[in-house]
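Peer 1:
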Amino acid sequence: MLIENLLGAFAEIGNIQTLAFMVIGATAGLISGAIPGFTIAMAVVLTLPFTFGMPPAQGIATMIGVFVGGLSGGLMSGILTGIPGTPSSVATTFDGFPMARNGDPGFALGLGVWASFFGGIISAILLIAVAPQLARVGLEFQPWDYFSLVFFALTITASLAGQNLIKGLIAGALGLLIATFGEDDINGVSRFDFGVEYLQEGFAFLPVLIGLFAFSRLMTDVRDPKTATMALTEMQDVSIRIEHRRAALTVLKSWGNLIRSSLIGVFTGILPAAGSSISNVLAYDQAKKASRTPEKFGSGFADGIIAPESANNATAGGSLITMMALGIPGDIITAVMLGALLIHDVIPSPSFITEAPVLAYSIFLAFFIANFLVLGLQSGALKLFVLVTRVRMYVLAAVILAYCGIGVFALHNIVSDIWTLFIFGIVGYILRNLGFPLAPVILGVVLGPIAEKWLSRSLAISTDVSLFFTQPWSLFFVIASVFSLLFTLYQRDRGKKPWTRFYPPALMLSLSVPLFMMGGVVRPVVATGLIAFGLYLLYRAQKTQTATES
Amino acid sequence: MMKSGWFARAARSASIPEHPEAQQPFVNWKADTIMSLPNRDTIIAIGLLFFTGVLIWASFDIRSPDYGTLAPSAWPRSVLGILLVFGLIYLFQSLRASPAVAGTEESDARGGLMGWFVKYRNPLWCYLIYFLFLATLPFFGALIGGILLVFFLLSVLGGFAPKKLLLHGAIATISMGAMWSIFTFGLRVILPRGSLFEVI
């Protein structure tokens with residue numbers, strides 16, 4: 005079955021045209037990842053218009069090329085200028101920049117390139133192995149479970165909120181609201197049209213996405229007249245050669261660090277809302293703790309580059325596992341990917357891998373191939389990166405703004421989509437300036453219609469609302485949602501307030517209940533393990549509490 | 019060998035005041051006057067609640083068909099209910115916060131409305147030009163309109179020096195020409211032609 009699906013997938017994307025698009029995508033990703041201030045999400049968003057006319061597998065493969073390229077591109081500016089191209093390369097600068105400054109930039113780049121490659125490959129293998137197994141669980145889901153799963157994904161907005169929880173939650177609710185405008189998918193009734201023809205169709209996903217994310221971001225970039233007219237970065241030395249052989253051998257010699265960091269990356273990616281911006285720092289920290297020479301970290305030490313770079317690329321595989329197996333986005337990039345699937349009339353859900361195995365395996369394969377492509381393209385991209393950095397910010401902004409308009413027009417060939425882009429460009433800019441995070445809005449726009457659909461299906465089967473709490477999987481996700489909402493508070497107060505000591509045991513004990521309800525052999529055993537561990541944590545929390553009080 | 023560039027300078031200019039002492043008179047002014055004004059978050063919260071209220075009212079205009087279990091208005095009303103609760107929490111939080119820490123940016127208040135226009139002049143120009151591009155799109159079409167859009171955006175953001183105008187013209191023509199060709203011939207998208215071409 006696996007071989008059959010892989011062969012089918014290879015037939016889908018193993019052609020010159022798709023590979024050429026992936027090469028273009030990976031190069032674009034590498035460059036945009038390398039430019040400080042340009043996020044990977046923005047690069048993926050801007051790629052979307054090009055993928056409309058493509059078959060779904062080709063379109064998604066191109067976007068995966070951008071995604072993987074973007075993750076690897078961040079290391080170039082991080083190592084050469086000390087300014088990370090993306091948040092996922094922050095920790096790379098800790099040792100990469102000192103190493104480059106010490107006269108070894110080619111080796112530093114090589115370490116980053118090869119660590120990224122191996123991290124990506126490890127996560128690709130795990131993606132192919134784990135996602136289909138995890139997706140089997142999805143076959144058990146009923147409408148109540150689906151709705152609760154989407155509800156759980158929506159609670160991720162709380163984690164994406166950053167400092168201000170309430171603003172993040174409001175942003176998420178605004179996203180849900182935006183998706184309700186226009187004709188509803190279930191009954192075909194127009195909502196909130198106010199008698200205006202433009203509003204009757206509702207807002208298309210892509211113009212909203214590009215307006216909120218890219219348009220408003222560009223406005224932020226050119227807000228200051230001084231910085232708008234400056235070059236992106238000033239680099240004078242262009243004669244750097246990546247030392248591939250030496251770097252690859254060093255990375256392989258440090259295999260323990262490589263595997264540990266890659267696993268940290270994959271695990272962080274699987275967790276909703278915990279992306280590569282977290283995993284690279286986490287992996288760096290663990291590498292330093294596990295090292296026999298921790299004092300060398302920060303001075304241009306090879307392990308300090310290997311850990312974050314392998315982790316951030318591995319995170320991509322992890323977030324794809326969540327997306328593919330459960331049909332929920334783990335971060336903003338996978339939210340965009342899900343949106344792209346919707347545009348291609350592919351409904352992401354836990355049964356996605358079973359229902360569309362060739363497309364699913366095409367995504368797996370594309371992720372695998374993208375890592376090889378990025379490895380091969382790094383040297384060329386470095387030269388291109390140096391050229392791009394000489395461009396002034398305002399030039400890039402003006403050209404991209406025009407591209408945004410043309411790009412969204414291509415979706416339905418209607419001018420009203422460009423008006424939507426314009427309106428949400430303003431809305432996004434206002435929200436940004438008022439301190440509202442935009443990632444939850446996107447998540448709300450993507451997940452809103454899916455949640456409504458499953459709610460409608462659930463109620464069509466039975467109007468008994470208690471089923472959302474009595475169906476084991478539904479209850480599992482409801483409990484997970486409650487703890488997900490509390491997670492931001494837990495993170496904020498951890499170690500400061502006593503209640504946070506009881507958060508982990510309470511989570512484990514609560515989750516064991518639906519696992520017991522599921523029956524069988526494995527799940528009750530897992531539930532027993534959770535109870536045992538939860539009780540142990542509870543005992544420790546109680547002990548710490550008593551010690552603190554005395 | 020290398021120097022930090024745009025990003026570092028942008029970050030510096032955005033967050034670190036060059037002369038901290040220069041901010042002092044403003045801070046004092048703020049402390050004296052802000053007590054009588056609602057903070058920015060309170061105004062946003064009130065605006066949000068008003069917006070929610072309008073949509074709740076509008077949700078009663080949504081037609082309910084005889085078929086289907088979930089009424090078309092049920093989901094939007096649930097979302098609006100959640101938004102209402104969050105809006106009230108936000109309002110309550112903003113009222114509890116001291117005016118000094120509530121979200122009024124110093125530079126927003128400095129110089130009044132004129133200062134605000136100066137601070138946001140680039141985005142405001144961009145939005146105006148984009149609006150004009152959209153309004154004239156049926157006449158100019160995507161190619162000419164796009165070239166004009168990029169040219170005016172470049173000139174407003176980069177300056178109107180004769181040499182620069184020439185450069186901006188070249189960039190606008192080449193970039194839009196390339197984009198138009200890719201979408202028209204590569205992706206087979208029929209971009210708006212514009213009535214100008216029909217006249218010609």
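Chains as they are written, first to last, in our numbering: chain Y, 5 to 554; chain L, 19 to 218.
Every residue, glycine too, gets a C-beta built ideally from N, C-alpha and C.
Considering Cα atoms alone, identify which of Y/Ile-35, Y/Leu-173 and Y/Asp-228 is closest to Y/Gly-78.
Peer 2: Counting from one through the first sequence, the residue named residue 78 of chain Y turns up at place 74. Cα-wise, what sits closest to Y/Gly-78 is Y/Ile-35.
Peer 1: Got a sec, what are the start and stop residues for the alpha helix (DSSP H) Y/Ser-81 sits in?
Peer 2: The residue labelled residue 81 of chain Y in the question sits at position 77 within the first sequence. 60 to 85 is the span of the alpha helix (DSSP H), which, as asked, contains Y/Ser-81.
Peer 1: In chain order, what are the residue ranges of uninterrupted alpha helix (DSSP H) at least 4 long that sit wholly in the region 317 to 391 of chain Y?
Peer 2: List check, alpha helix (DSSP H) in window: 336 to 347 and 356 to 359.
Peer 1: Does DSSP classify Y/Glu-247 as helix, strand or coil?
Peer 2: One-based indexing of the first sequence puts residue 247 of chain Y at position 243. Note: Y/Glu-247 maps to coil in three-state DSSP.
Peer 1: Whole angstroms are fine: how far does the CA of Y/Gly-524 sit from the CA of Y/Leu-52?
Peer 2: Residue mapping note: residue 52 of chain Y aligns to position 48 of the first sequence, counting from 1. Residue mapping note: residue 524 of chain Y aligns to position 520 of the first sequence, counting from 1. One C-alpha to the other measures close to 44 Å.
Peer 1: Taking the alpha-carbon positions, what's the Y/Gly-107 to Y/Phe-101 distance?
Peer 2: As a first step, residue 107 of chain Y must be located in the first sequence, where it is residue number 103. As a first step, residue 101 of chain Y must be located in the first sequence, where it is residue number 97. Between Y/Gly-107 and Y/Phe-101, the C-alpha separation is close to 10 Å.
Peer 1: Would Y/Phe-301 and Y/Phe-98 be called neighbours here (beta carbons separated by less than 9 Å)?
Peer 2: For the purposes of this step, residue 301 of chain Y is taken as the residue at position 297 of the first sequence. For the purposes of this step, residue 98 of chain Y is taken as the residue at position 94 of the first sequence. Yes, Cβ-Cβ distance for Y/Phe-301 and Y/Phe-98 is below 9 Å.
Peer 1: Would you report the Cα separation of L/Asp-59 and L/Ser-112, rounded to the nearest angstrom?
Peer 2: Here residue 59 of chain L refers to the residue found at position 41 when the second sequence is read from its first residue. Here residue 112 of chain L refers to the residue found at position 94 when the second sequence is read from its first residue. So the two alpha carbons sit approximately 6 Å from each other.
Peer 1: Taking the alpha-carbon of Y/Phe-71 as reference, which of Y/Gly-124, Y/Gly-331 and Y/Lys-257 has the nearest alpha-carbon?
Peer 2: Taking the first sequence and counting its residues from 1, the one referred to as residue 71 of chain Y is at position 67. The shortest C-alpha separation from Y/Phe-71 is found at Y/Gly-124.
Peer 1: With three or more beta-carbon pairs closer than 8 Å as the criterion, would you say the region 261 to 278 of chain Y touches the region 222 to 233 of chain Y?
Peer 2: Verdict: no, contact absent.
Peer 1: So if I threshold CB-CB distances at 7 Å, which residues from the region 179 to 199 of chain L count as touching chain Y?
Peer 2: Per Cβ criterion, the list reads Ile-189, Ser-193, Met-194 and Met-197.
Peer 1: Taking just the CA atoms, how far does Y/Ser-127 sit from Y/Leu-515?
Peer 2: Taking the first residue of the first sequence as position 1, residue 515 of chain Y is located at position 511. Taking the first residue of the first sequence as position 1, residue 127 of chain Y is located at position 123. Those two C-alpha atoms are separated by around 27 Å.
Peer 1: Could you check if L/Trp-93 is buried or exposed, using at least 16 other CB atoms within 10 Å of its CB as the buried criterion?
Peer 2: One-based indexing of the second sequence puts residue 93 of chain L at position 75. So L/Trp-93 counts as buried.
Peer 1: Nearest to Y/Ala-61 by CA position, among Y/Val-193, Y/Ala-13 and Y/Ile-44, is which residue?
Peer 2: Numbered from 1 along the first sequence, position 57 holds the residue referred to as residue 61 of chain Y. Closest option to Y/Ala-61, Cα to Cα, is Y/Ala-13.
Peer 1: If you run the structure through DSSP and keep just helix, strand and coil, what is Y/Ser-554?
Peer 2: Locating residue 554 of chain Y in the first sequence gives position 550, counting from the first residue. Of the three classes helix, strand and coil, the one that applies to Y/Ser-554 here is coil, per DSSP.
Peer 1: Give me the Cα-Cα distance between L/Phe-110 and Y/Gln-495, rounded to the nearest whole angstrom.
Peer 2: Indexing the second sequence from 1 puts residue 110 of chain L at position 92. Indexing the first sequence from 1 puts residue 495 of chain Y at position 491. Cα-Cα distance, rounded: 23 Å.
Peer 1: Could you tell me the boundaries of the alpha helix (DSSP H) in which L/Met-132 lies?
Peer 2: Position 114 of the second sequence holds residue 132 of chain L. Start and end: 130 to 137.
Peer 1: Assess contact between the region 430 to 438 of chain Y and the region 213 to 220 of chain Y, defined as three or more Cβ pairs (one per stretch) separated by less than 8 Å. Is contact present?
Peer 2: Counting Cβ pairs under 8 Å, three or more are found: they touch.
Peer 1: Y/Ser-462 and Y/Leu-471: beta carbons closer than 9 Å?
Peer 2: Counting from 1 along the first sequence, the entry for residue 462 of chain Y is found at position 458. Counting from 1 along the first sequence, the entry for residue 471 of chain Y is found at position 467. Yes; because the gap between Cβ atoms is below 9 Å, this pair is in contact.
Peer 1: Starting from Y/Pro-453 and walking both ways along the alpha helix (DSSP H), at which residues does that stretch end?
Peer 2: Position 449 of the first sequence, counting from 1, holds the residue named residue 453 of chain Y. Segment 443 to 465, the alpha helix (DSSP H) holding Y/Pro-453.
Peer 1: I'd like to confirm something about Y/Ile-39: is its beta-carbon nearer than 8 Å to some heavy atom of the ligand COA, or not?
Peer 2: Absence of the ligand COA is noted for the structure shown, with no ligands found whatsoever.
Peer 1: Can you check DSSP and say which residues form a bridge with Y/Ala-235?
Peer 2: In the first sequence, the residue the question calls residue 235 of chain Y occupies position 231. According to DSSP, Y/Ala-235 bridges with Y/Arg-396.
Peer 1: Does chain Y have any CB closer than 9 Å to the CB of L/Glu-124?
Peer 2: Against the second sequence, residue 124 of chain L aligns to sequence position 106. Since pLDDT at L/Glu-124 reaches only 49, below the 50 mark, its modelled position is unreliable, and the value read off the structure follows with that caveat. With 9 Å as the cut-off, L/Glu-124 does not count as an interface residue toward chain Y.
Peer 1: Could you tell me which chain Y residues have their CB closer than 9 Å to the CB of L/Thr-60, listed as they occur along the chain?
Peer 2: On the second sequence, residue 60 of chain L is found 42 positions in, with the first residue counted as 1. Going along chain Y, no residue has its Cβ under 9 Å from L/Thr-60, so there is no contact; the nearest lies around 12 Å.
Peer 1: Please determine if the region 309 to 324 of chain Y and the region 263 to 273 of chain Y are in contact, where contact requires at least 3 C-beta pairs separated by less than 8 Å.
Peer 2: Touching, yes, given that three or more Cβ pairs across the two stretches are closer than 8 Å.
Peer 1: Taking its Cβ as the centre, do 16 or more other Cβ atoms sit within 10 Å of Y/Met-5, making it buried, or is it exposed?
Peer 2: Counted from its first residue, the first sequence places residue 5 of chain Y at position 1. Per the 10 Å Cβ criterion, exposed.
Peer 1: Determine the burial state of Y/Val-48: buried for a count of at least 16 other Cβ atoms within 10 Å of its Cβ, exposed for fewer.
Peer 2: For the purposes of this step, residue 48 of chain Y is taken as the residue at position 44 of the first sequence. It is buried - the Cβ of Y/Val-48 has at least 16 other Cβ atoms within 10 Å.
Peer 1: For Y/Met-103, count neighbouring Cβ atoms within 10 angstroms of its own Cβ and tell me buried if that reaches 16, exposed if not.
Peer 2: Position 99 of the first sequence, counting from 1, holds the residue named residue 103 of chain Y. Buried.
Peer 1: I need the boundaries of the alpha helix (DSSP H) containing Y/Ser-266, first residue and last residue.
Peer 2: Position 262 of the first sequence, counted from the first residue, corresponds to residue 266 of chain Y. 259 to 274 is the extent of the alpha helix (DSSP H) around Y/Ser-266.
Peer 1: In the region 481 to 513 of chain Y, which residues sit with their C-beta less than 8 Å from some C-beta in chain L, listed in chain order?
Peer 2: Answer set for the region 481 to 513 of chain Y: empty.
Peer 1: Under the DSSP definition of a beta bridge, which residues are partnered with Y/Glu-187?
Peer 2: Here residue 187 of chain Y refers to the residue found at position 183 of the first sequence. According to DSSP, Y/Glu-187 bridges with Y/Ser-194.
Peer 1: Can a CB atom of chain L be found closer than 9 Å to the CB of Y/Glu-201?
Peer 2: In the first sequence, residue 201 of chain Y corresponds to position 197, counting from 1. No, because no Cβ of chain L sits closer than 9 Å to the Cβ of Y/Glu-201.
Peer 1: Pairs of beta-carbons, one from the region 166 to 186 of chain Y and one from the region 343 to 357 of chain Y, closer than 8 Å: are there three or more?
Peer 2: No, they do not touch.
Peer 1: Could you tell me if Y/Lys-500 is buried or exposed, where buried requires 16 or more neighbouring beta carbons within 10 angstroms of its beta carbon?
Peer 2: Mapped onto the first sequence, residue 500 of chain Y falls at position 496. When all chains shown are included, Y/Lys-500 counts as exposed.
Peer 1: Figure out for me which residue from L/Asn-57, L/Ala-63, L/Ile-62 and L/Arg-95 has the closest Cα to the Cα of L/Phe-78.
Peer 2: For the purposes of this step, residue 78 of chain L is taken as residue 60 along the second sequence, with counting starting at 1. Among L/Asn-57, L/Ala-63, L/Ile-62 and L/Arg-95, the Cα nearest to that of L/Phe-78 is on L/Arg-95.
Peer 1: Listing by chain order, which chain L residues have their CB less than 7 Å from the CB of Y/Glu-456?
Peer 2: Here residue 456 of chain Y refers to the residue found at position 452 of the first sequence. In chain order: Trp-93.
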